[in-house]
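Trainee:
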Amino acid sequence: MNEFEDIADLLEIKEKMISRNVIAELQTEYVVKDDFDERFAKGLSSEESRKRTRAFIARLPWKK
-15 MNEFEDIADL LEIKEKMISR NVIAELQTEY VVKDDFDERF AKGLSSEESR
35 KRTRAFIARL PWKK
């Protein structure tokens, strides 16, 4: 009879481990909002990007 109790205990432990994994997986799931269009609309224009690039290049420590 002791073997059956041991097997029952192992099955109980196994079920607890499986249920923990399922709960953990559900908690890690989340919805990511796709806001590409909003971020793109707030982005730089090509003229502003070129202006900033030129200013950045001008500030680099060029060796003469």
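Quick note on the working numbering: the sequence shown kicks off at -15 and runs consecutively.
We put the beta carbon where it would ideally sit given N, CA and C, even for glycine.
Computed from a predicted structure; not experimentally measured.
1. Is the Cβ-Cβ distance between A28 and R38 less than 9 Å?
2. Considering D18, what are the terminal residues of the alpha helix (DSSP H) in which it resides?
3. Would you give the residue range spanned by the alpha helix (DSSP H) that K47 belongs to?
Mentor: By the coordinates alone:
1. Strictly speaking, residue 28 in this sequence is Leu, with Ala absent from that position. With respect to R38, L28 sits apart: the two C-beta atoms are not nearer than 9 Å.
2. Unbroken run through D18: none, as it is neither H nor E.
3. No alpha helix (DSSP H) holds K47; DSSP gives it neither H nor E.
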